[in-house]
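Under numbering that gives the first Met the number 0, residues 0 to 123 are what the sequence shown spells out, in order.
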Amino acid sequence: MFASKSKEVADEYISSLSDLTINSKPLINMLTMLAEDNIEHAPAIVQAVETHLQKVRSDIKLPVLYLIDSIVKNVNGNYLNLFTQNIVNTFCDVFEKVDENTRASMWKLRQTWNDVFPPKNYFH
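Right under this line is the structure:
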C-alpha cells in the first residue's frame, strides 16, 4: 500500500514538475512545500526530480537544480541525505550539457552549497 501511495505522490509531483520550465520562485516554493508535505515519500520524490532533470532540455535544467537547492535548504528530513547520494554526478551531468551562462549560474549556486552538502561530496 505504501509503495503505491509513493508512486501516486511521485506521479503527482512529476506532473507539477513539468510546469517548471523557467526560473520561477513561486513555482519552486510550491514544489518545495509539496515535497515537505510529502516528506514520508521523499525517496520517490527525489527519484522523480533526478529523473526529470535527466530528461528535460538543457534550458530547463537550471530551474530544476534551483528546486533541489530549495528542498535541501528548506525542508528538514531525509531529502538532504537522498540528494547527497547523487549530487556530484547530477551536477556534473548538467554542467556538461548547458551553455556558458548557465554554467556561471551553476557555479554561483554551487558556492552556496559549502555548508549544505557533506565535505566529502564537494566539487573540487
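Built from N, CA and C at the ideal position, the CB exists for glycine as well. From a predicted model like this one, the values you see are computed outputs, not experimental measurements.
- Going by C-alpha positions, residue 36 is about 14 Å away from residue 4.
- Shortest Cα-Cα distance from residue 52 to any of 79, 25, 23 and 94 involves 94.
- For residue 9 against residue 47, the beta-carbon gap comes to about 4 Å, under 8 Å, which counts as contact.
- Per the coordinates, the alpha-carbon of residue 14 lies some 11 Å from the alpha-carbon of residue 7.
- Here the stretch 20-34 makes contact with the stretch 73-90; the two share three or more CB pairs at distances below 8 Å.
- Counting along the chain, no alpha helix (DSSP H) covers residue 56, and no H or E run does either.
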